[in-house]
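What follows is a short report on a single structure.
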Amino acid sequence: MIERHVGRGEKTWSLVKTYAGASPKSYWLPATAQPTSLLQRFALRVFHFHTKRLGFTTKTVKRLAGCAGAEFWVQRRGAEVKQAHRGMNWHFDKDEDLLDDVGLCVHPLVATATYLTDQGAPLVILSAPTLRRQEDGAPDANAPPPSPGSDAAAFVAFPARGLHVAFGGDLLHGVPAELECRPGERLALLVNVWLHHRPSGLQSCGKSSGTTRGSTKPGSALRVRHRRCPKSGLAISPGLAQWHVDGLRIPRDLHEGVWRIQQKQLRVVSRKRKSS
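FYI, the numbering for the sequence shown is 525 to 800, going by our numbering.
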């Protein structure tokens with residue numbers, strides 16, 4: 525997991541706030557496209573920063589052609605919304621249309637969130653559980669995953685203007701509204717990095733071009749503060765329709781920063797089906 529402060533260009537922030545007022549749908553920007561706006565340029569730089577960090581060369585990215593790129597969208601939760609609705613449900617990032625159409629679950633390589641405000645509930649990411657793999661290696665979105673071991677952790681990132689958080693695209697995450705400490709507008713630019721797969725049903729943007737690699741100058745890495753698993757604390761039960769996770773505890777005295785909270789008692793529990 526990486527936490528970095530990115531540049532704080534006021535033109536970029538203004539553009540994203542304008543974009544957030546439109547329909548909050550996702551867009552697809554091929555890795556070889558020429559960006560036509562500041563927002564597209566930022567998404568492409570996020571893509572190239574993380575693929576380079578993970579060891580993928582320009583040649584490799586170019587060879588993948590249309591199956592390499594950035595999925596991006598703006599997420600906004602305003603102060604005018606009731607507190608209970610200012611969060612985000614627990615989920616795994618995936619190709620939503622592909623799952624709906626044929627039942628196949630495909631995750632992005634990397635999921636990221638970049639914050640433009642200092643308010644709102646924090647992002648919480650669990651190191652485990654991850655989805656159980658089928659015989660062909662594809663994640664199973666329906667079967668309950670195995671329970672985590674005693675070395676699981678919950679990462680808690682409170683919004684801070686310019687904070688960039690990246691994590692594995694197969695990790696369970698959400699924004700629990702009950703952890704909000706500073707009410708106000710929560711505005712984030714979300715970019716998912718995809719390789720070997722293009723998400724279905726996304727509108728493509730940018731101009732056709734050769735592979736480009738814009739200069740990316742992240743700020744200094746942030747220090748992740750650590751906490752032991754609290755004996756008491758706020759109990760949260762993340763999960764999906766078929767199962768949920770018991771035993772997650774978050775300290776009540778966290779208000780800012782990025783934290784790693786040790787979790788020793790996470791347990792996956794299947795939800796009981798209602799009899800017809």
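Cβ atoms here follow ideal geometry from the backbone N, Cα and C, with glycine treated the same way.
Check                                                                                                                                                                  : Outcome
In the DSSP output, which residue or residues are listed as bridge partners for GLN727?                                                                                : TYR551
Starting from the N-terminal side, write out each stretch of the alpha helix (DSSP H) that is 4 residues or longer and does not extend beyond the region 595 to 644.   : 620 to 626
Go ahead and label ARG587 buried or exposed: buried means 16 or more other beta carbons lie within 10 angstroms of its beta carbon, across all protein chains shown.   : exposed
Can you give the beta carbon distance from PRO559 to LEU650, rounded, assuming they're within the 8 Å contact cut?                                                     : With 8 Å as the limit, PRO559 and LEU650 do not qualify as a contact, their Cβ atoms being about 33 Å apart.
When the Cα atoms are used, what is the spatial distance from HIS697 to PHE566?                                                                                        : 23 Å
Return the bridge partner residues of LEU714 from the DSSP annotation.                                                                                                 : TRP597, ALA637
Taking Cβ positions, are HIS572 and THR638 nearer each other than 8 Å?                                                                                                 : no
For ASP621, collect the residues of the same chain with a Cβ closer than 6 Å to its Cβ; drop the 5 residues on either side in sequence, then sort them by chain order. : SER724, GLY725
Is GLY692 helix, strand or coil by DSSP?                                                                                                                               : strand
Which class does GLN658 belong to by DSSP, given the choice of helix, strand or coil?                                                                                  : coil
What residue from PRO775, THR581, HIS720, PRO670 has the CA that sits closest to SER794's CA?                                                                          : PRO670
To the nearest angstrom, report how far apart ALA681 and ARG773 are at their CA atoms.                                                                                 : 15 Å
Check each candidate in ALA635, TRP718, PRO683 and name the one with the smallest Cα separation from PHE691.                                                           : ALA635
Going by C-alpha to C-alpha distance, which of ASP624, GLN564, LYS606, GLY686 sits closest to TRP597?                                                                  : GLN564
How far does the beta strand (DSSP E) with ARG784 in it reach, from first residue to last?                                                                             : 782 to 787
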